[in-house]
Structures are given as C-alpha cells and as structure tokens.
Amino acid sequence: MIWALLLIPTLAGLAAFGLRRNGPRRALLLASAAAHLAAVVACWRDAPPPIADGWIAVDPASLLFLSITSALFLAAAVYGVGYLAQESHVAPGGEDDEELPFQNFPEAVFTGCLLLFLATMSLVAVSQHLGLMWVGVEATTLVSAPLIYFHRHHRSLEATWKYLLICSVGIALALLGNFFVAVAARSGGQTAIHLTIADLTAHADSLNPRWLQAAFLFFLVGYGTKMGLAPLHTWLPDAHSEAPSVVSALLSGALLNCAFLTILRTHGLLAAAGLADFSSDLLIGFGLLSMAVAAVFIVGQADFKRMLAYSSVEHMGILSLGIGVGGAAAFGAMLHAVNHSLTKAMLFLAAGNILALYRTKSTVRVRGVLRCSPITGVLWMAGFLAIVGSPPFGLFLSELTILKGMFDAGRPWVAAAYVTALAVVFVGMAAICLRMSYGLPPGAAPNPDEPAVRSTRREPFWAIAPIASLGALVFLLGVYVPPPLADLLHRAAVALGAN
Amino acid sequence: MNLWLELILVSLILANLHLLGSSRINACIRTVALQAVLLSVVSLLVQPHPIGLRLPLLAAASMAIKAGLLPWLLRRAVREAGVQTEVEPIVGFTTSLLLGLGLLGVALHVADRLPMADADGARFLVATALFTVLIGLLLIVGRRKAVMQTVGYLAMENGIYAFGLAFAVQEPLLVEMGVLLDVFVAVFVMGIAIHHISREFDHIDTDRLSALKD
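Chains as they are written, first to last, in our numbering: chain A, 1 to 499; chain B, 500 to 713.
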C-alpha cells in the first residue's frame, strides 16, 4: 500500500512527460490524484506494515499529512485541468499587470512536475529515516521550481531563482543537521544507531546532547526556510504570488506542511532526549517572530496573492508556536495544520478566479467581486472569515485551543503577543478583503480610466467545485471534528513529543 | 596528524581564499572542483579505523560528480549564456578576503568548542569543512552573477558532504547516493534557470532580479 502511495504519482508523472496529447494527460492527472487519495483512505482503514526495514512507514503524523496533501492535490487537480484547458485558449500575456508577452511552460512538463511534486511530498510524509526525509524535501524543491516558472516571464523567473537558491541553501544546512545527529550518535558511544526515528528515539539517552542541540539548530534553520518561518521566509511571498494559483495552493497548503512535519520529527527527537526545553523555546521564538513579520507586511499589502502568502507565514508561525508550547497547544497545532491547509488552498484557488477575471493582482484595482462573480465572491469572503479565525470555521477552534494551551503552560506573555498579532492580521486582511469584495466593479464605475472587466462571465464548474468543497470541509471541522480524526490528531501530537 | 593531511588542509584553506579573491568565473569553477577532490581525500585520511570498500567508492562517486560533471555543466552554462567571465562582486575582493579570514577564525573557534571523540585530524577537518560552508554562504550573498551563486552553493555543499563522509560513515549507501543525486539535479536545474535568465535579461546579474519586493 505504501508503495502505491509513492509509485502511482511517480509513474504517472513520468508518463505525463511522454504523453503528447492534452486530453489523455489531463485524464491521467485526475486519475492519479483520485487513486492516490484512494490509497490514503485505505491506509486509514488499516495501517499498512512498514517497508524497507522500517525506513518507510505510515505513523499517525504521516497519515495526517498524507491525507491533507492528497485531498488538496485532488482539489487542485480538478481546478488545474480546467485551468490548463482555459490557458491553452487564452492569448499569451493573460494574467499579468504589465501585459508582457510570455509563453507558458510546456503543459506536459507542468503536469509531470505536478505529479512528481505529489510523489516527493508523499515521500517526505512517509519516510522515517532522517536522510531519506532530507532527500525527499530537497526533491520537492527541485520538482516544484519548474511549476513556479509556468508563466515564462521575468517576474516568475525571479521568483523561481530565489526559491531555488534560498531553499537549496536552507536544505543544505539541514543536511549538516543530519550529519550532526550521526555524530551525536557516534560520540555517545553507540556505533550501530541508524538515523531512523524509531532507532534514535529508542537510544535517545545515549545521544550526545551538545551535538543534538547543534543539529536541531541546523534543522530549524534549514527546514524552517522551507516552511517559511521568519526571517527565512523571503522566498515565500515571491514564489506564491508569481506561481499559477493552483501551484500556490499546493505550495502553501501541502508543501509548507511537509516541511513542518520534518521540524516536528526533529523536535520529537529532542523531546525524547530530554532537551524539549531547548527546542521549545526556539520554536516559540521563531513562531512569534513569524507572526509579527507577517502582520507587518499584511497591513496595507498591495498584492492580494502576496497577502495570502504572508498569511501563510503567519500560520506557519502559529504552528511552530503551538508545538513549542506543547500540551493542548500541540493538539491544537495539529488541527490547525489541517484547517490552515484547506482554507489557504481555498483562498488561493479563489484568488486564481479573481485574477482571471480582473487580470490584476493589485488589491486597489479589484473591486466588487461579489457583484461581478457572485459565487467566487462569496467563497472568497468565506475563506477570508475562516483564515482570520472567525467562528464557526475550523481555524477558530484550533486557534482557541492553542491559546488555551498557552495559559495551561503558564505563558501569558506569549499568549498576549499571539492574540495581538492575530488581531493585527485580522484588521489588515479585513481592510483588503472587504474592499475587494464590495463596491462597484471597475467597468460599472463612471471612471473611464479603469480597465473594463470582461463582463460577468459564467463561472465554470471546475473553478467553483474544488473551492466550495474545501470550504465545506473547513466549515465542517469548525462545528464537528470526527472522532477518528480527533484520535489521529491526538496520537500524532503525543508521538511527536507533546506531553 | 601526518604531513599529507596538513598539506591538504592548508591547500583547502588557500583554495577557499582563492575563491574569494579570484575575478574569473572559470577559475572559480576549477577551484570548486579541486576543493571537492581535496575534501574527499581528507575525509578518507582522517578515518581512525581501517576503511572498507564502501567509503572509497562513495568518495570516488562524489569526486566524479562534483569535480567532473558539475563543473562541466557550469562551464557550459557560462558559455551558452554568453556572459562575460568577470565575477562582478557586490562585496569587493579585498573586503571578501578580510571577511574570509574572519570566517576562518569563526570556524576554528566553533570546531574547538564542539566535543569530538576523535583525534586532532578530525578537529581540523571539522574546522575546514565549516570554513568551506561559510565561504560558500559568503559567495552566495556577495556575488552578483547567478553562476557565482551556484558556485557558492557547490562550495557549501562540498563542505557539508566532506563532513558527512568523515563522520557519518555508518549511513547506508542509498542515502548518500540520494544526496549526491539531489545536488546534481539542483545544479542542473540552476543551470537551466541561468540559461533562461540570460535569455530573458541578456545578462545573469541577479541584482537586476528586483521586481519582487515589499
């Protein structure tokens, strides 16, 4: 079963490079997304045995992040197929402020990389070996770089270069962290410890604490770059704003989570070695800094996709904070990871619709989405309410759980900073999103300078259904967390060292 | 610590400084290749136990990729992009060298403080590897051309990998090969990106990549 998780997208991805006709390739994308989700569901029903000497196994945390990734990928695939069909009709120069002539990346390469992206993210989720995990994370960077460069023009090229270089450097530092763990095992006198999570946790006492602490620093900096923790987040707004919206949704909803999982695992390792205080403080520090930085940049942001990207930085900060605080907050962070992924993917896809309609990412020039494109407008508003943590959506629940965990852990000052940052983000996003949704669309205004919006166009099924279903899931999680999911979240939080 | 080891470590430090002081891109690419070879040799020399077949094989594979394939790819990228072969520093050469000496001090200091069970040779290797990593980072932030940033990435990767070869020997071949493969693909993808940058802008200066900011 685990092989299926890895092989379905890999083989399909390789096949997609070779398929010449668009129709079969798009069908393949949909079919493999559905098959992958089916395999994940099968893992829910009964846990598959570990393979490759326990290097690859599905534990609660893997299953959680696999499910998120797979569900998002299916939504993105449905949206993406429609998007690709539309892109191939639209004249070059489609969705850019500057109306530059540009060509799209070949669709075969795009689809192939998209599927390989799923394969590598699955590999990160299921690998139980630090080295293998590293290989997986680096591979996600490499296969997603061409995705960001789908619209071939200089802005997306700039974003791609920054993404490649900053993430590669970050992940190289994480490799140094891996080697430090190996040295920690060796200078502790144990020579036969493999770098698998189970082995390391079992021998956690005999690991040299000094090297282990150094290793965690490198892991946090390295994988934190990929996760988008400030101050290492600088690639994130560029990549998320320049990539096609489908890719932004996957980057934000699935990829950042995979990086988060790797940090979780190393934090669990330190907790097992009795060094949880050291890693918790670092996680809390980085978490608060990320929230603060995001809040500063969200207020008055001029580009709505960048606003969403900064909101991802904020939420990654919340996750890191929740894990650092531990206890109830760790459970809350797990729930928050699910909620954030679903909501952010929903918002990015809705942003894609808005972008296609208005042909601009400027928050000032987009007006009256609710009037122009009612369904997208309603979904955009719902997504906005969800992401800032209003009831009855899931994020309200998880953010409240994290807040409660902070008071339980006796950290009122952290709680105060957390609530302040949330409030600032709420105000900043509300100002932008409300202005975009209400008012008269530019064409209807008496000002002739404004570019006319391509009249109210029919909203196709593929552009609405994925967003609506993600929204429904977020709403559901706000009012009712199904017992199997709650159980899984709990087990994942415990397994990763939250006491 | 024997004479050979000392000699190689000193040449590594000199090679790193040469990377900072050289104004020709091709010379830098050659130096990084040399660095990869030297670091692989050092990591074999510092092993306290007799080494089996696996480690030399790994070192040979790493040499083949990092000293043969990747420099070739980079030189090709430089040629195809038709760029001038000047380095164009953001941080000047003299300043870079002074910073480099400072980083050498930092690396020695850090290596001294990390608890090592092994002999002196290992301690010096740690210092050299860290120094190489830091030099790589300095090149990435202090050079304007995309090719030079890739060279910096390679230097950094060389340092890290040397550290791994020397100390993480019990790790299976598969992971090490995966790491090598990733590095190879990374440089390959960067090479393609360099090609696109040169076509899009008629140059590969990354400081003109500045449309995206807040």
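All C-beta atoms, glycine included, are put in the ideal place defined by N, C-alpha and C.
What residues in the stretch 161-172 of chain A have a beta carbon less than 8 Å from any beta carbon of chain B?
Those would be 161, 162, 164, 165, 168, 169 and 172, in chain order.
List the whole-angstrom C-beta distance separating residue 388 of chain A from residue 429 of chain A, where the pair is believed to meet the contact cut-off of C-beta under 8 Å.
As a position in the first sequence, residue 388 of chain A is number 388, starting the count at 1. As a position in the first sequence, residue 429 of chain A is number 429, starting the count at 1. Indeed, because the Cβ distance is near 6 Å, the residues count as touching under 8 Å.
So is residue 613 of chain B in contact with chain A if we call contact Cβ pairs under 8 Å?
Here the question's residue 613 of chain B lines up with position 114 in the second sequence. Answer yes: the Cβ-Cβ gap between residue 613 of chain B and chain A drops below 8 Å somewhere.
Cβ neighbour criterion (16 or more within 10 Å) applied to residue 367 of chain A
Counting from 1 along the first sequence, the entry for residue 367 of chain A is found at position 367. With 16 or more other Cβ atoms within 10 Å, it is buried.
When we look at the beta-carbon of residue 49 of chain A and count the other beta-carbons within 10 Å, is it buried (16 or more) or exposed?
Here residue 49 of chain A is taken as the residue at index 49 of the first sequence, counted from 1. For residue 49 of chain A, the number of other beta carbons within 10 angstroms of its own is below 16, and it is reported as exposed.
Could you tell me which chain B residues have their CB closer than 7 Å to the CB of residue 297 of chain A, listed as they occur along the chain?
The count along the first sequence starts at 1 and reaches residue 297 of chain A at position 297. Against chain B, a Cβ distance below 7 Å from residue 297 of chain A picks out 713.
Interface residues of chain B facing residue 45 of chain A [CB-CB closer than 7 Å]
Looking up residue 45 of chain A in the first sequence gives position 45. Under the 7 Å cutoff, chain B gives no residues; its nearest Cβ is about 31 Å from residue 45 of chain A.
Please report the residue range of the alpha helix (DSSP H) in which residue 437 of chain A lies.
Position 437 of the first sequence holds residue 437 of chain A. Segment 412-437, the alpha helix (DSSP H) holding residue 437 of chain A.
Counting only C-beta atoms, is residue 434 of chain A closer than 8 Å to chain B at any point?
Reading the first sequence from its first residue, position 434 is the one you call residue 434 of chain A. No, its Cβ sits nowhere closer than 8 Å to a Cβ of chain B.
Under three-state DSSP, which class holds residue 152 of chain A?
Residue numbering aside, residue 152 of chain A sits at position 152 when the first sequence is read from its first letter. Correct three-state label for residue 152 of chain A: strand.
Any beta carbon of chain A sitting closer than 8 Å to that of residue 524 of chain B?
Mapped onto the second sequence, residue 524 of chain B falls at position 25. So, not an interface residue.
From A/402, A/316 and A/104, residue whose alpha carbon lies closest to that of residue 292 of chain A:
One-based indexing of the first sequence puts residue 292 of chain A at position 292. Checked all of A/402, A/316 and A/104; the closest Cα to residue 292 of chain A is A/316.
Beta-carbon neighbours of residue 505 of chain B, restricted to chain A and to distances below 9 Å
The sequence position of residue 505 of chain B within the second sequence is 6, counting from 1. Result: empty, since nearest Cβ-Cβ is about 23 Å, beyond 9 Å.
Check the C-beta distance from residue 650 of chain B over to residue 527 of chain B and give it rounded, since I have them as a contact under 8 Å.
Looking up residue 650 of chain B in the second sequence gives position 151. Looking up residue 527 of chain B in the second sequence gives position 28. Indeed, because the Cβ distance is near 5 Å, the residues count as touching under 8 Å.
If you measure from the beta carbon of residue 551 of chain B to each beta carbon in chain A, is any gap under 8 Å?
Walking along the second sequence from the start, residue 551 of chain B turns up at place 52. Interface criterion not met: the Cβ of residue 551 of chain B is under 8 Å from no Cβ in chain A.
In chain order, which alpha helix (DSSP H) runs of at least 4 residues are fully inside the stretch 545-578 of chain B?
Annotation note: the stretch 545-578 of chain B contains the following uninterrupted alpha helix (DSSP H) runs of length 4 or greater, listed N- to C-terminal: 553-562.
Suppose contacts are defined by Cβ-Cβ distances below 8 Å. Is residue 471 of chain A in contact with residue 379 of chain A by that definition?
Locating residue 471 of chain A in the first sequence gives position 471, where the first residue counts as 1. Locating residue 379 of chain A in the first sequence gives position 379, where the first residue counts as 1. It is a contact, given that the beta carbons lie within the stated cut-off.
With 8 Å as the C-beta to C-beta threshold (strictly closer), list the residues of the stretch 214-239 of chain A near chain B in chain order.
Sequence-ordered contacts of the stretch 214-239 of chain A with chain B read 214, 237 and 238 [C-beta pairs closer than 8 Å].
At which residue ranges does the stretch 355-383 of chain A contain complete alpha helix (DSSP H) runs of 4 or more residues, listed in the order of the chain?
Restricted to the stretch 355-383 of chain A, the alpha helix (DSSP H) segments that are unbroken, complete and at least 4 residues in length are 369-372, listed in chain order.
Contact set between residue 564 of chain B and chain A, taken where Cβ atoms lie within less than 9 Å
For the purposes of this step, residue 564 of chain B is identified with residue 65 of the second sequence, where counting begins at 1. Simply none; closest approach about 15 Å.
For residue 608 of chain B, count neighbouring C-beta atoms within 10 Å of its own C-beta (all shown protein chains included) and say buried if the count is 16 or more, exposed if not.
Position 109 of the second sequence, counted from the first residue, corresponds to residue 608 of chain B. Using a 10 angstroms sphere on the CB of residue 608 of chain B, the tally of other CB atoms stays under 16, which defines it as exposed.
Does the beta carbon of residue 142 of chain A come closer than 8 Å to any beta carbon on chain E?
Checking the listed chains, one finds no chain E in this structure; the protein chains it contains are A and B.
Just to confirm, are residue 339 of chain A and residue 477 of chain A a CB contact at a threshold of 8 Å?
Locating residue 339 of chain A in the first sequence gives position 339, counting from the first residue. Locating residue 477 of chain A in the first sequence gives position 477, counting from the first residue. Going by C-beta atoms, residue 339 of chain A is nearer than 8 Å to residue 477 of chain A.
Please state whether DSSP places residue 97 of chain A in a helix, a strand or coil.
Position 97 of the first sequence, counted from the start, is the residue given in the question as residue 97 of chain A. Interpretation of residue 97 of chain A is limited by its pLDDT of 45, a score under 50 that renders its predicted location unreliable; no figure is taken from the coordinates.
Nearest-angstrom beta carbon gap, residue 629 of chain B and residue 610 of chain B [assumed within contact, 8 Å]
Locating residue 610 of chain B in the second sequence gives position 111, where the first residue counts as 1. Locating residue 629 of chain B in the second sequence gives position 130, where the first residue counts as 1. Confirmed, Cβ separation roughly 6 Å.
Need the endpoints of the alpha helix (DSSP H) that residue 521 of chain B sits in, please.
Looking up residue 521 of chain B in the second sequence gives position 22. Careful: residue 521 of chain B lies outside any alpha helix (DSSP H) and carries neither H nor E.
On the DSSP bridge assignment, give the partners of residue 585 of chain B in chain order.
Along the second sequence, read from residue 1 onward, the residue named residue 585 of chain B stands at position 86. According to DSSP, residue 585 of chain B bridges with B/523.
What does the alpha-carbon distance come out to for the pair residue 680 of chain B and residue 105 of chain A?
Looking up residue 680 of chain B in the second sequence gives position 181. Looking up residue 105 of chain A in the first sequence gives position 105. Cα-Cα distance, rounded: 25 Å.
For a minimum of 4 consecutive residues, which ranges assigned as the alpha helix (DSSP H) are wholly contained in the stretch 202-252 of chain A?
Counting whole runs of 4 or more residues, the stretch 202-252 of chain A contains the alpha helix (DSSP H) stretches 209-227, 235-242 and 245-250.
Given residue 43 of chain A as reference, the closest of A/33, A/30 and A/67 once Cα atoms are compared
For the purposes of this step, residue 43 of chain A is taken as residue 43 along the first sequence, with counting starting at 1. Its Cα nearest to that of residue 43 of chain A, the residue A/67 stands out among A/33, A/30 and A/67.
Run through chain B and tell me which residues come within less than 7 Å of residue 139 of chain A, C-beta to C-beta.
Reading the first sequence from its first residue, position 139 is the one you call residue 139 of chain A. By Cβ distance, chain B contributes 681.
Along chain A, which residues have their Cβ under 9 Å away from the Cβ of residue 705 of chain B?
Here the question's residue 705 of chain B lines up with position 206 in the second sequence. For a Cβ distance threshold of 9 Å, residue set 158, 161, 162 and 165 of chain A lies close to residue 705 of chain B, ordered along the chain.
Does residue 154 of chain A get closer than 8 Å to chain B when you measure Cβ to Cβ?
To locate residue 154 of chain A, count along the first sequence from 1; it is residue 154. Interface flag for residue 154 of chain A against chain B is set, since a Cβ pair is found closer than 8 Å.
With distances taken from CA atoms, which of A/182, A/270, A/286 and A/306 is nearest residue 236 of chain A?
Along the first sequence, read from residue 1 onward, the residue named residue 236 of chain A stands at position 236. When each option's Cα is compared against that of residue 236 of chain A, the closest is A/306.
At which residues does the alpha helix (DSSP H) containing residue 305 of chain A begin and terminate?
Taking the first sequence and counting its residues from 1, one reaches residue 305 of chain A at position 305. Under the DSSP assignment, residue 305 of chain A falls in the alpha helix (DSSP H) whose first and last residues are 304-325.
What's the C-alpha gap between residue 245 of chain A and residue 352 of chain A?
One-based indexing of the first sequence puts residue 245 of chain A at position 245. One-based indexing of the first sequence puts residue 352 of chain A at position 352. Distance between the alpha carbons of residue 245 of chain A and residue 352 of chain A: 5 Å.
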